[in-house]
Every structure is written in structure tokens, then in C-alpha cells.
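Asks: Structure provided below as C-alpha cells; questions to follow.
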Amino acid sequence: MYRSGPPSVKAALFSQKNRETLQQLLIQDFQKRQNQALNGKQLDRLERALDHYVEQVYGTQGEQPLPVLNREVLKITAQDFSKYLQRQNVVQVAQAVDQSPTQTVMNQSLYMDTARRFDQLQTDRQEVKALPPPPPDFRVSLDDEEAPSSASLYEMAKKQREAEAQRLLNSGKDAMERIDPGLNKRIQADDLFRSGQLSQNKATDMALANRQSSIQPLDMPLIIPPDGRELAMAALSPLVLVENPGPRGLGDANGNPTTTIPSFLSPQKNNLPQDYIIRQENTVAYKEIENNLFVYSADRDWMKNVSENRYNFSVTFDPGNNGQGYYPQVRVQQKFKNITRIEFVKAILPIEGLDVLIEPTKSVATNITAYQNTVLSLPFVSVNIPELENNNFGSDNFIDRAFSVIQYDQNWQPNLSTSIIDPSSNQTNDSRGFTSLVPRYLKCQKVYAPTPLSTLQRLSISLLRPNGQSVSLMADTFDISGIFAGSNTAFSGTKSLYNQNDGASPGANPYYIFINTSTYFSRFQVNVGDTIQIGNFDFSNNTTRTSQDFTTWINQPSGFLVAGIGNNSSGTYADGPNSVGYANYIIIQAKHLDPTTGSVGLSPYGGVNGSILSYIGTTIAPLASPPRRLINLSRQTQLVFRVITREMDPVAGLRPDNM
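For the sequence shown, my numbering gives the first residue as 905, with consecutive numbering after it.
Following this line, the structure appears as C-alpha cells:
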């Protein structure tokens, strides 16, 4: 991807002065490394490499300042030229090796038959040893009477050995005499001390052995006579007094005097079960547990957290005793331990208009803003999670940093047609449902091997377009500046179809409630059929039954369906968005009686008809201090992960013979 920078940076980078400076720095650096000057061929190679990488660096990082570009050019050029010099050295060494003499005469062994070749090979393998000298002959010679006798030969050999031994002894003494007298005394003292220490250790060991043999035991075992019944029922044997082996070794007869059967006739005692248990080897076995993780963007603290939206938010894990709403991020109560793999499964995104396109019409006073540039208009969406960078590589660094690249899988739409909307209400049908995006044919996962990840602390999620920008920066939460009854005079006449009441006495109850937002919102951010939830709305003086009933109803967690939107861009209220597709009023229906009873009327707030008009009538009552906000639940995202953890496997330690 080619990124051009400011013209001043480009002119400075490609200037002759900057080029000469970079070339001089590189030449000086490599001359210091080689301790010799570069030749003409090397200088030409360095100049061509510098020109090439100046263009490449500017093409990829043109938006960076000049010092950063120069630093990158020097780094890449130095690496390339170093590899060039290494290749030159390898070629020179190879040429020197090739100059060794070559064999020009054919080897004679190639023309030998198998038997001769084998004999020669065996001969070459045999080790040639020197012949030993012949032994002296001590026999008495019968041929020559003048030859020396065997006894004289023996005496001569003996004298030679004694002379050699004396020579070696004298040489050793001479060497000892040449040593420093002080060092000689030190050696003699060490030998004397070592011999004395050995004799002392032997004497100490002998004394300890004698002392151990003389120690008498503290408890003397009882001497028992032999069983007389054994003498009567077995062969007579000399009476031998034996030591008492104890109750367990005596058996039933000796242990209990009332038993009539002697011990040698009693059955053997059974061993305990633990004597037969086969010990298991000390091996540790693990098993993998698959956990499904669902992350919903609406679970963040949207009352206080205004810096994140449905396409850019963060998730934290293991909040302890603090539940949802204590922190601004999305909180997951589970604490994952020993994580071996994290996989991305899918993302569920709303099909909403990401931008507003204004098209002119023949009527100068009106425009058309119905075109929707949705997420289905994009070829793919990249999921960027810095904590889980994956093995994705692309032509730009946005895909390089993406954990997953997702594409269209399926979508579902609400049953909202134009036939249910009155054309005179100026309302639009812009709700398109949701779509599922998956990493089709891709393996988007982060593997922790060989050591698993101890725990998961945080995930920073960003859904990006192919150009690296966020899918949408439009907010999904809005500040509330006021709430009005639909029966007010500001909405009367032909201004709004929602200016209706039930005509009850003494005061009429409004059929619709108008919510005024602090800022304008796009027609694609809130539309007919969407579900909104209001939070923290309250009056400054909320002491009456009517005000308490209304605040409880307006802040209900189930939310409300949007009946319409409106704007007052021209100074007066009008239903629907303005000419550029924006509005600042959200219309919801008021509280009705239980329809299961057959009632079709409204339920007055506080039980008194028209009492709510003193709070949300033409002049609204003072409101409590902000924040008071609303969120569109129909424009939220959901991401699904699979977290695989490692746990101890107790089943692997069980064996059939231990059960």
C-alpha cells in the first residue's frame, strides 16, 4: 500500500544532499567493519541499494517524518549490503577450495575382481604392529662352551635393572633437591598431617563401634516357655526359650488363653486390603475443557462510559464481588485459568446505515436520504484485539494486527413493511435486522504452547473496515434533555400525528410520549420498531405518587418500542427526520391498561387522570442532575469466542484393581 507524505518530506528525502549524507554514513560504517576501503564494485552496489530502499521506504512509510525515514533507510540498506559482503566472502572461499589438485589417473582398484578387491580391503584394514624383540635365551648352550652361562646372563640382567632403578631414584632426588626447601618442607608436613589424620579417624571409628556393641537395650523382651500342647501333639524337641514376638505374631491361640486350638493349627490371618494396592506411577494427566464466551456490547456501563460504542469497547474478566455497572467496561464474572487456545467463532452485527447520503430531488426544498451503506456493503470486517494477535498477514498492517477477518454468513430481518406506516407521518422504515459474520474457511485462533496462559485479564475489541477505520463512529447512546407529553400544544395541529389524548376528565392522558435528545441523531441510529432503554431519568422533586409512578415506568429495564421520530430544525416540530436525515425526538407510546382484561384505555400515572401533565406538559418540571441517557438495544453487537482451558484429569489416576 503506497502512502504519500507531505511534499516537503519527499523533497528532503530525495534531495542530493540527503542522499550523499546517507551514502557517506554507510561507507564509513562498512570501512570500519572491514578495516579496509571499499572497492569500486562494492561502492556501486551500495549506491544502487541505497537508491532502491529510499523509494521503498517512502512508498510504505511516507507519512512519517524525515528522521524516521532516514533511520529506516540506513537500517534496511545496511542489512542488505552486509548480506552482499557475506556472499562475496563465500564465493572467494569456494574458488580457493576448487583450486585443489584433481585426480587425473584412473584408480587401479576399479579394474580388480571381487576376490582381489576384498583381499586388498582386508589387508588395508589390518593393523601393522611392530615385531617384539626376541626374549633372552637362558638355556645352556651345548655348542659353544665359551659362551656365558644362563646364571651369568641372569646376573647381568639383574644388574641392569638395579642400575636403571638407581638412576631413576637419583634423578628423583635431584629434582626434589632443586625444589625450594620451604616448599619441600610444606609437602612433608602435609604428608605427615594426612597420615596422622587417617590413623586418628580409624581409632575414632573403632571406639564408636566398641561403644555401640556395649550398649544394652532399654526394654528387655519377656522370655516365654514353649507351648506344652505342641509337645503333646508334635514330635518332642528340646525346650528352647524364645522371645515374645508380640500379640500379632503369636496368633489366636497364644493371644487368647481361652482358645483351645494351638497357633500352629489355626488358619493364617488375612492381610489388609492396602497390602494388595498397586501403586500408580507419578504421572499427571490433563483434559481440555471447551468454554463458550459471549460478549454483548450493551452490557457496558453506557450511563457513564461515553468513550466507547458498539464497535469499539473492552472486556475485563473476574471482577470479584463487583457486578455489571461497577466498571465502565463489559465485565465477565468467569475467571479462565490455564488457557491453551482461544478461537473466534462469529460476530452478530446490526444491519444499519453507517453513513448518510444526501441525494437531491426536483424539489429544491427536499432531499432523499434513504440509501443505506450497511456492513453488507463491505467485503470483510477485521476484528482487532491487541491481546490476541493471530497468524494473519496481509498487504497492510491492519490485517497484520487483526485477530480475525470475518465475512457474510447469514442475516435475519424484522417483519416491518411500509404498509404499517402511515405515509403522512413522514416516518421511514430503516430497520434491517442483524447479520452473522464468520471467519469463513479460516482458522482464527491464538494457541499458547507449550505453556498455557495463566489467566485472561482484558480484551480490547475493535471492528474495522478494510481501510482500517472503525465500522461506525456513530453513538448508540444519547443524553436526554427533556420528556414531553404528546398532547402538548407544541405538537398540535398538523405538526404531528402523535398529538393525541384519551379525552378523560378532569385531565386528558397523552397517548404518546416525546423524548427530546440533547443532540441530533441519524435516521439510521434510531428508527421505527427499534427497542430503546432509558436510565437514570428523575425529577428534582420526586415526592408525589404521580412522579414516582412515571419515573418507575420510564426507567423500566424492558425498554420501549420506538413509534416514530421527529425534529424541530426549522424552529417548529415536524414528524420524521429533517432534510439531511437527522432528528432529535423519539416517540414512544404511553402506559396502557392491561389488554388481557379487554381494556383499550390508558393507565393514568399515579391513578389520577391528567396529573402527569404538571410534570411533562407544556412546561416540564425541573429534572434531576444528569446523567440521564437512553441506549438503542436494536443496534448492539455480539461476539462469540471459544476458550479452551486445561484442567487436571482425576479419571486418569484410577485403575481397575484399585476400585
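Glycine included, each C-beta is placed from N, C-alpha and C at the ideal position.
1) Which class does residue 921 belong to by DSSP, given the choice of helix, strand or coil?
2) Mind checking who residue 1218 pairs with in its DSSP beta bridge?
3) Name the DSSP bridge partner or partners of residue 1439?
4) Under 8 Å between the Cβ atoms of residue 1381 and residue 1206?
5) Could you pull out every residue in the same chain whose Cβ sits closer than 6 Å to the Cβ of residue 980, ignoring the five residues on either side in sequence?
6) Using the three-state DSSP reduction, which class does residue 1114 fall into: helix, strand or coil?
7) Would you please state the rounded distance, in angstroms, between the beta carbons of residue 1401 and residue 1328? I believe it to be under 8 Å.
8) Are there 16 or more other CB atoms within 10 angstroms of the CB of residue 1098, so buried, or fewer, so exposed?
9) Count the other C-beta atoms from every protein chain shown that fall within 10 angstroms of the C-beta of residue 918, then say buried if there are 16 or more, exposed otherwise.
10) Would you tell me roughly how many angstroms separate the C-alpha atoms of residue 1418 and residue 1492, rounded to the nearest one?
11) By Cβ distance below 6 Å, which residues in the same chain neighbour residue 1314 in space, the five residues on each side in sequence not counted?
12) One question on the structure: do residue 1366 and residue 1288 come within less than 8 Å of each other, judged by their Cβ atoms?
13) Give the C-beta separation of residue 1459 and residue 1441 to the nearest angstrom, bearing in mind that I take them to be a contact with Cβ-Cβ under 8 Å.
14) What number of angstroms, rounded off, separates the C-alpha of residue 1211 from the C-alpha of residue 920?
15) Which runs of the alpha helix (DSSP H) fall wholly inside the stretch 1441-1486 and span at least 4 residues, in chain order?
16) How should residue 1541 be labelled, buried or exposed, when 16 other C-beta atoms within 10 angstroms of its C-beta is the threshold for buried?
17) Look up residue 1247 in the DSSP assignment and say whether it is helix, strand or coil.
18) DSSP three-state call for residue 1307: helix, strand or coil?
19) Are the Cβ atoms of residue 1383 and residue 1421 separated by less than 8 Å?
20) Look at the Cβ atom of residue 1547, then the Cβ atom of residue 1246, and state whether they are nearer than 8 Å.
21) Beta carbon of residue 1589, beta carbon of residue 1261: below 8 Å?
22) Determine the burial state of residue 1235: buried for a count of at least 16 other Cβ atoms within 10 Å of its Cβ, exposed for fewer.
23) Check each candidate in 1527, 1514, 1489, 1490 and name the one with the smallest Cα separation from residue 1455.
24) Excluding the five sequence neighbours on either side, which residues of its own chain have a C-beta within less than 7 Å of the C-beta of residue 1507, listed in chain order?
25) Given this structure, state the Cα-to-Cα distance separating residue 877 from residue 961, to the nearest angstrom.
26) What span of residues does the beta strand (DSSP E) with residue 1389 cover, start to end?
27) By Cβ distance below 8 Å, which residues in the same chain neighbour residue 1303 in space, the five residues on each side in sequence not counted?
28) Can you check which of these residues, 913, 982, 952, 1521, is closest to residue 963 by C-alpha distance?
29) Could you say which of 1516, 1014, 947, 1057 lies nearest to residue 1391 if we only look at CA atoms?
30) Residue 1431: buried (16+ other C-beta within 10 angstroms of its C-beta) or exposed?
31) Rounded to whole angstroms, what's the CA-CA distance from residue 1378 to residue 967? Just pull it up for me.
32) Could you spell out where the alpha helix (DSSP H) holding residue 1021 opens and where it closes?
33) At the level of alpha carbons, what is the spacing between residue 1348 and residue 1292?
Replies: A quick look at the data gives this:
1) Residue 921 sits at position 17 when you count from the first residue of the sequence shown. DSSP, read as helix, strand or coil, puts residue 921 in helix.
2) Position 314 of the sequence shown, counted from the start, is the residue given in the question as residue 1218. Beta-bridge partners assigned by DSSP to residue 1218: 1364.
3) Counting from one through the sequence shown, the residue named residue 1439 turns up at place 535. 1533, per the DSSP bridge assignment.
4) Position 477 of the sequence shown, counted from the start, is the residue given in the question as residue 1381. Position 302 of the sequence shown, counted from the start, is the residue given in the question as residue 1206. Yes.
5) Working through the sequence shown from its first residue, we reach residue 980 at position 76. Closer than 6 Å at Cβ, skipping near neighbours: 957.
6) Here residue 1114 is taken as the residue at index 210 of the sequence shown, counted from 1. It is helical.
7) As a first step, residue 1401 must be located in the sequence shown, where it is residue number 497. As a first step, residue 1328 must be located in the sequence shown, where it is residue number 424. Confirmed, Cβ separation roughly 7 Å.
8) To locate residue 1098, count along the sequence shown from 1; it is residue 194. Within 10 angstroms of the beta-carbon of residue 1098 lie fewer than 16 other beta-carbons, which makes it exposed.
9) As a working note, residue 918 is residue 14 in the sequence shown. It is exposed - the Cβ of residue 918 has fewer than 16 other Cβ atoms within 10 Å.
10) Position 514 of the sequence shown holds residue 1418. Position 588 of the sequence shown holds residue 1492. One alpha carbon belongs to residue 1418, the other to residue 1492, and they sit about 7 Å apart.
11) The residue you call residue 1314 lines up with position 410 of the sequence shown. Correct list, in chain order: 1340.
12) Residue mapping note: residue 1366 aligns to position 462 of the sequence shown, counting from 1. Residue mapping note: residue 1288 aligns to position 384 of the sequence shown, counting from 1. Contact flag set, yes.
13) Taking the sequence shown and counting its residues from 1, the one referred to as residue 1459 is at position 555. Taking the sequence shown and counting its residues from 1, the one referred to as residue 1441 is at position 537. By a beta-carbon distance limit of 8 Å, residue 1459 contacts residue 1441. Their separation comes to about 6 Å.
14) In the sequence shown, counting from the first residue as 1, residue 1211 sits at position 307. In the sequence shown, counting from the first residue as 1, residue 920 sits at position 16. Roughly 47 Å separates the two Cα atoms.
15) For the stretch 1441-1486, whole alpha helix (DSSP H) runs of length 4 or above, ordered along the chain, are 1449-1458.
16) Translated into positions along the sequence shown, residue 1541 becomes position 637. Residue 1541 comes out buried.
17) To locate residue 1247, count along the sequence shown from 1; it is residue 343. In the structure shown, residue 1247 sits in a strand (DSSP, three-state: E or B).
18) Numbered from its first residue, the sequence shown carries residue 1307 at position 403. Residue 1307: coil per DSSP, three-state reduction.
19) Counting from one through the sequence shown, the residue named residue 1383 turns up at place 479. Counting from one through the sequence shown, the residue named residue 1421 turns up at place 517. One thing to note: residue 1383 has its Cβ within 8 Å of the Cβ of residue 1421.
20) Counted from its first residue, the sequence shown places residue 1547 at position 643. Counted from its first residue, the sequence shown places residue 1246 at position 342. Contact flag set, yes.
21) Absent from the structure is residue 1589, since the part of the chain shown begins at 905 and ends at 1563.
22) Indexing the sequence shown from 1 puts residue 1235 at position 331. Burial call: buried.
23) For this step, residue 1455 is matched to residue 551 along the sequence shown. Closest by alpha carbon: 1527.
24) Counting from one through the sequence shown, the residue named residue 1507 turns up at place 603. Non-local C-beta neighbours of residue 1507 in its own chain, meaning closer than 7 Å and more than five positions away in sequence, comprise 1495, 1496, 1497, ordered along the chain.
25) This structure gives no information on residue 877, because the portion of the chain shown stretches from 905 to 1563.
26) Here residue 1389 is taken as the residue at index 485 of the sequence shown, counted from 1. That run of the beta strand (DSSP E) goes 1381-1389.
27) Position 399 of the sequence shown, counted from the first residue, corresponds to residue 1303. Contacts found: 1286, 1296, 1297, 1309.
28) For this step, residue 963 is matched to residue 59 along the sequence shown. That would be 913, whose Cα lies nearest to the Cα of residue 963.
29) Sequence index remark: in the sequence shown, residue 1391 carries index 487 (1-based). The shortest Cα separation from residue 1391 among 1516, 1014, 947, 1057 belongs to 1516.
30) What you label residue 1431 is simply residue 527 of the sequence shown in a count that begins at 1. Under this definition residue 1431 is a buried residue.
31) Looking up residue 1378 in the sequence shown gives position 474. Looking up residue 967 in the sequence shown gives position 63. Annotation: residue 1378 to residue 967 spans about 27 Å, alpha carbon to alpha carbon.
32) For the purposes of this step, residue 1021 is identified with residue 117 of the sequence shown, where counting begins at 1. Taken as a continuous stretch (DSSP letters only), the alpha helix (DSSP H) holding residue 1021 covers 1018-1029.
33) Mapped onto the sequence shown, residue 1348 falls at position 444. Mapped onto the sequence shown, residue 1292 falls at position 388. Looking at the backbone, the Cα of residue 1348 and that of residue 1292 are separated by about 10 Å.
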